[in-house]
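Chemist: This note's numbering numbers the first residue of the sequence shown as 10 and each following residue consecutively. Sharing a structure here in structure tokens format.
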Amino acid sequence: MRLSRLLRPADHDTPLVEQAPPVAARAIVRRFWPFARPYRPAIALGLLLLILVPLVEAVGIALFGRVVDDVLVPQDLGALVPIALAYLGLVLLGAALSFGDDYVATWVGERFLIDLRAHLHRHLLALSPGQVARRPVGDLLSRVTSDVAAIERFLLSALGEAISALARLVFFTGAMLLISWRLALVAFVVGPIFYLASRRFASLARHAAREKRRRSGSLAAVAEESLSTVAVVQSLGREDDEARRFADGGRGIMDAELAAVRIAGAYGPVVGLLEMTGALLVLAAGVWALGSGGLTLGALLVFITYLAQAYRPIRSLGQLTSDVLAAAAGAERVIELLDERPTVTDAPDARPLPRPVRGHVELRGVRVRHPGADRDALHGVSLVVRPGETVALTGRSGAGKSTLTSLLLRFVDPDEGAVLLDGHDVREVPLTDLRAHVGLLLQDTVLPDVTAREAIAHGRPGATEQQIEAAARAAGIHEVLTALPDGYDERIGRGGGRLSGGQRRRVAIARTLLRDAPVLVLDEPTTGLDAATRDGLLDPLRTLTSRATTLVVTHDPAVLAWADRVVVLADGRVVDDAGAPAAPASPRPTPPRRAGDGRPSAVDDGAPATTTASPAVVR
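Okay, structure coming up:
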């Protein structure tokens with residue numbers, strides 16, 4: 010039986026995410042067991058409870074035999090009372106043990122999930138933006154959520170179920186041996202056949218699980234793409250097409266799920282037939298032993314009950330094998346993600362920039378080629394931006410503007426040449442220190458679903474109320490925020506959706522002002538806005554750039570007009586550097602910066618900003 014026969018050909022064009030490479034079960038355990046180590050005492054307690062539960066059940070079954078032999082056969086009701094009291098005690102004890110086991114397992118499992126998801130999330134944040142962008146967001150979310158849950162299933166839940174099954178097998182098998190070793194040998198005949206059947210179906214189950222995981226990631230990617238661009242979908246009238254694409258992805262998951270059901274459906278009757286064969290053999294031998302006086306009726310009934318209980322863990326172990334292999338498919342997808350190393354990391358001997366940071370930026374013969382590209386994004390680019398200068402970068406799409414600015418934040422590193430800040434190669438500066446001195450304002454302003462105050466304060470953790478308000482005033486957003494029902498404490502919605510596009514950019518400008526970095530990167534700060542909104546942003550942008558060395562990617566004539574220099578790029582090269590000074594430019598006069606940094610401060614501690622933006626209403 011081949012998986013390809015169980016999976017019908019896909020009749021849709023939904024692209025599938027790449028299959029993660031297979032990983033041995035032992036390697037999965039080695040990789041993720043360290044996350045469970047802090048909870049070893051709780052795991053040991055849970056395993057002890059798991060072992061005690063079947064022991065209590067075995068004793069309860071033995072009491073049933075006493076009811077048959079001591080109460081039913083002699084018809085003596087007087088013997089029923091002590092047996093009933095003992096049975097009641099066992100039921101209460103079993104319930105307490107089961108509750109304790111469930112609670113401990115949940116306590117450990119949830120904490121394991123929190124730790125592993127946090128680790129994976131932190132790893133994703135350490136990857137460069139380009140590395141993350143190459144993967145569908147929906148697939149990444151699927152790996153962080155359901156695939157991580159599969160690892161918990163593989164490592165902890167499966168361990169508990171395996172220990173429980175083995176404990177049941179040991180207790181019930183031992184009890185059968187105590188009753189009659191001859192009958193036990195008859196019952197054990199089908200055991201090896203159980204094992205062979207399980208191995209036969211395990212490989213198919215694992216392949217089906219891998220396919221289901223992969224197609225689930227593809228479906229999540231389709232949903233994320235269509236829902237994140239719902240306005241575009243509606244404007245193009247593509248609702249039916251996107252719905253059809255999503256349904257096709259769902260049918261792909263259905264195919265994989267049905268294949269898994271067909272595998273399980275074939276496995277179930279085989280196991281049931283084996284169980285029936287073993288039970289009939291035991292029943293025949295038991296009737297013979299009963300007739301010869303070697304066994305009581307109660308003992309035979311207890312033995313058959315023990316046999317049913319012993320077959321159940323054997324069946325569970327076979328099913329557990331399939332479940333574990335299915336969980337391993339999720340673990341493989343997480344491991345593949347964790348094995349992707351960041352393309353940009355700190356150098357072993359990285360040192361912070363000397364203070365104060367002046368903001369002198371220089372590119373020397375920089376060449377950059379993105380992975381998989383057939384040509385350089387930047388080739389032989391040299392550029393000097395002196396402290397306090399505002400340099401506008403312009404050129405056609407694909408000219409290399411965004412790549413150039415990404416070099417300053419080390420989102421990418423040059424293949425040749427160097428990028429220097431105050432004469433220091435940025436590759437020799439810790440990432441956290443470098444990015445603390447380079448502010449970024451993107452065209453697509455995405456804000457977290459927090460209060461307006463918190464959104465601005467992200468620019469400087471621990472900022473005072475006066476500093477936050479001063480930044481908001483300088484960005485021209487103070488009046489808008491105070492007019493909200495809860496003022497600065499109003500939540501701005503996912504992505505800042507409760508604010509207009511211009512208002513979101515003003516909040517981002519306030520956040521950047523509060524950050525007070527000596528170097529700024531602005532990526533199309535006025536693109537996509539109407540003329541009135543754009544004009545209302547020019548004063549806050551001037552306030553922002555007047556205090557820092559600025560590189561601004563723009564095609565806006567109004568922004569180009571107040572830039573000190575305009576640098577034109579084409580095909581990854583600088584083709585024009587209009588306005589480049591022949592001698593070093595004198596930095597602009599700037600107000601004093603906050604104490605301890607040595608740099609001018611865009612927002613004085615507790616004082617309003619020196620330059621105030623026009624309070625024009627942002628549409």
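Heads up, the beta-carbon is just placed ideally off N, CA and C, and yes, glycines get one too.
Mind checking which residues open and close the beta strand (DSSP E) that includes I532?
Modeler: Here residue 532 refers to the residue found at position 523 when the sequence shown is read from its first residue. Reading off the sequence, residue 532 comes out as Asp, not Ile. D532 -> beta strand (DSSP E) spans 528-532.
Chemist: Take the Cβ of D110 as the centre, count every other Cβ of all protein chains shown within 10 Å, and call the residue buried at 16 or more, exposed below.
Modeler: Position 101 of the sequence shown holds residue 110. Buried, because 16 or more other Cβ atoms sit within 10 Å of the Cβ of D110.
Chemist: Could you pull the start and end residues of the beta strand (DSSP E) that H388 belongs to?
Modeler: Translated into the one-based positions of the sequence shown, residue 388 becomes position 379. Run containing H388: 387-394, per the beta strand (DSSP E) assignment.
Chemist: If we ignore side chains and look at the alpha-carbon of each, how far apart do D495 and A481 end up?
Modeler: Locating residue 495 in the sequence shown gives position 486, where the first residue counts as 1. Locating residue 481 in the sequence shown gives position 472, where the first residue counts as 1. Cα-Cα distance, rounded: 16 Å.
Chemist: From D348 to G404, what distance separates their C-alpha atoms?
Modeler: Along the sequence shown, one-based indexing puts residue 348 at 339. Along the sequence shown, one-based indexing puts residue 404 at 395. Cα to Cα, the separation comes out at about 37 Å.
Chemist: If distances are taken between C-alpha atoms only, which option among G139, E251, L168 comes closest to V353?
Modeler: On the sequence shown, position 344 is the one that residue 353 refers to. Measuring from the Cα of V353, the nearest candidate turns out to be G139.
Chemist: Would you decide whether Q84 is buried or exposed? Buried here means 16 or more other CB atoms lie within 10 Å of its CB.
Modeler: The residue you call residue 84 lines up with position 75 of the sequence shown. That one is exposed.
Chemist: Nearest CA to the CA of L523: which residue from G581, I52, R462?
Modeler: Taking the first residue of the sequence shown as position 1, residue 523 is located at position 514. The candidate whose alpha carbon is nearest that of L523 is R462.
Chemist: Looking at L417 and E371, is the spacing between their C-beta atoms short of 8 Å?
Modeler: Taking the sequence shown and counting its residues from 1, the one referred to as residue 371 is at position 362. Taking the sequence shown and counting its residues from 1, the one referred to as residue 417 is at position 408. Contact: no.
Chemist: Just verifying my parser: in three-state terms, what is the DSSP assignment at L136?
Modeler: For the purposes of this step, residue 136 is identified with residue 127 of the sequence shown, where counting begins at 1. Here L136 sits in coil by DSSP.
Chemist: Is R405 helix, strand or coil by DSSP?
Modeler: The residue given as residue 405 occupies position 396 in the sequence shown. Coil, per DSSP.
Chemist: Extract the residue ranges of the alpha helix (DSSP H) inside the segment 444-508, only unbroken runs of 4 or more that lie entirely within it.
Modeler: Whole alpha helix (DSSP H) segments, 4+ residues: 461-466, 474-483, 487-491.
Chemist: Could you give the DSSP three-state label for H379: helix, strand or coil?
Modeler: Here the question's residue 379 lines up with position 370 in the sequence shown. In this structure, H379 counts as coil in the three-state DSSP scheme.
Chemist: What is the DSSP secondary structure of R75, counted as helix, strand or coil?
Modeler: Locating residue 75 in the sequence shown gives position 66, counting from the first residue. Helix, per DSSP.
Chemist: Can you give me the C-alpha to C-alpha distance between G571 and G511, rounded to a whole angstrom?
Modeler: Residue 571 sits at position 562 when you count from the first residue of the sequence shown. Residue 511 sits at position 502 when you count from the first residue of the sequence shown. Rather than Gly, the amino acid found at residue 571 in this sequence is Trp. Each residue's Cα considered, the two are about 20 Å apart.
Chemist: Which of the three DSSP states, helix, strand or coil, is assigned to H369?
Modeler: For the purposes of this step, residue 369 is taken as the residue at position 360 of the sequence shown. Reduced to three states, the DSSP call for H369 is coil.
Chemist: My guess is that G55 and G169 are in contact by the Cβ rule of under 8 Å, so how many angstroms apart are they, rounded?
Modeler: As a position in the sequence shown, residue 55 is number 46, starting the count at 1. As a position in the sequence shown, residue 169 is number 160, starting the count at 1. Between G169 and G55 the Cβ distance is about 6 Å, and since that is below 8 Å, they are a contact.
Chemist: Around the C-beta of G502, are 16 or more other C-beta atoms found within 10 angstroms, so that it is buried, or is it exposed?
Modeler: What you label residue 502 is simply residue 493 of the sequence shown in a count that begins at 1. By the neighbour-count rule (16 or more Cβ atoms within 10 Å), G502 is not buried but exposed.
Chemist: Taking I160 and G339 to be in contact with their CB atoms under 8 Å, please state how far apart those CB atoms are, rounded to whole angstroms.
Modeler: In the sequence shown, residue 160 corresponds to position 151, counting from 1. In the sequence shown, residue 339 corresponds to position 330, counting from 1. At roughly 6 Å, the Cβ-Cβ gap stays under 8 Å, so I160 and G339 are in contact.
Chemist: Just the C-alpha distance for F255 and L267, rounded to the nearest angstrom, thanks.
Modeler: For this step, residue 255 is matched to residue 246 along the sequence shown. For this step, residue 267 is matched to residue 258 along the sequence shown. Roughly 18 Å between the two C-alpha positions.
Chemist: Less than 8 Å between the C-beta atoms of D532 and L456, yes or no?
Modeler: Counting from one through the sequence shown, the residue named residue 532 turns up at place 523. Counting from one through the sequence shown, the residue named residue 456 turns up at place 447. Contact flag unset, no.
Chemist: For the beta strand (DSSP E) that contains L578, what are its first and last residues?
Modeler: The residue given as residue 578 occupies position 569 in the sequence shown. 574-579 is the extent of the beta strand (DSSP E) around L578.
Chemist: What does the Cβ neighbour count give for A46, buried or exposed, with the cut at 16 atoms within 10 Å?
Modeler: Along the sequence shown, one-based indexing puts residue 46 at 37. Reading off the sequence, residue 46 comes out as Arg, not Ala. It is exposed - the Cβ of R46 has fewer than 16 other Cβ atoms within 10 Å.
Chemist: To the nearest angstrom, report how far apart V562 and M263 are at their CA atoms.
Modeler: Numbered from 1 along the sequence shown, position 553 holds the residue referred to as residue 562. Numbered from 1 along the sequence shown, position 254 holds the residue referred to as residue 263. Using only the alpha carbons, I get a separation of about 47 Å.
Chemist: Since R177 and P322 should fall inside the 8 Å C-beta cutoff, what is the C-beta to C-beta distance between them, to a whole number of angstroms?
Modeler: Here residue 177 is taken as the residue at index 168 of the sequence shown, counted from 1. Here residue 322 is taken as the residue at index 313 of the sequence shown, counted from 1. Their Cβ separation, rounded to whole angstroms, is 4 Å, which keeps R177 and P322 in contact under 8 Å.
Chemist: Can you grab the Cα-Cα spacing for the pair R342 / F121, in whole Å?
Modeler: Residue mapping note: residue 342 aligns to position 333 of the sequence shown, counting from 1. Residue mapping note: residue 121 aligns to position 112 of the sequence shown, counting from 1. Rounded to whole angstroms, R342 to F121 spans 18 Å at the Cα level.
Chemist: Our contact map puts D80 next to A88 with C-beta atoms below 8 Å; I'd like the distance itself, whole angstroms only.
Modeler: What you label residue 80 is simply residue 71 of the sequence shown in a count that begins at 1. What you label residue 88 is simply residue 79 of the sequence shown in a count that begins at 1. The question names Asp, but residue 80 is Val in the sequence shown. The pair is a contact, with the Cβ atoms about 5 Å apart (cut-off 8 Å).
Chemist: Provide the residue span of the beta strand (DSSP E) that contains A427, from first to last.
Modeler: Stepping through the sequence shown from its first residue, residue 427 is reached at position 418. From DSSP, the beta strand (DSSP E) with A427 extends over 425-430.
Chemist: Return the chain-ordered list of same chain residues with a C-beta closer than 6 Å to the C-beta of G432, the five sequence neighbours on each side being excluded.
Modeler: Within the sequence shown, residue 432 is the residue found at index 423, counting from 1. Excluding sequence neighbours, G432 sits near nothing in its chain.
Chemist: Hey, how far is the Cα of S325 from the Cα of A174?
Modeler: Taking the sequence shown and counting its residues from 1, the one referred to as residue 325 is at position 316. Taking the sequence shown and counting its residues from 1, the one referred to as residue 174 is at position 165. C-alpha separation (whole angstroms): 7 Å.
Chemist: For V363, which option in D385, V435, L334 has the closest C-alpha, if you only look at C-alpha atoms?
Modeler: Taking the sequence shown and counting its residues from 1, one reaches residue 363 at position 354. According to the sequence displayed, residue 363 carries Pro and not Val. Among D385, V435, L334, the Cα nearest to that of P363 is on V435.
Chemist: What does DSSP give as the partner residue(s) for V583 in the beta ladder?
Modeler: Sequence index remark: in the sequence shown, residue 583 carries index 574 (1-based). DSSP, once it has assigned bridges, lists L578 as partnering V583.
Chemist: Take R514 as the anchor and find which of V528, R500, T536, D498 has the nearest alpha-carbon.
Modeler: What you label residue 514 is simply residue 505 of the sequence shown in a count that begins at 1. R514 has its Cα closest to that of T536, out of V528, R500, T536, D498.
Chemist: For the 8 Å Cβ check, are there 3 or more pairs between the segment 419-428 and the segment 365-381?
Modeler: Contact between the segment 419-428 and the segment 365-381 is present, because at least three Cβ pairs lie under 8 Å.
Chemist: What are the boundary residues of the alpha helix (DSSP H) that T182 is part of?
Modeler: Within the sequence shown, numbered from 1, the residue matching residue 182 stands at position 173. Its alpha helix (DSSP H) spans residues 167-188.
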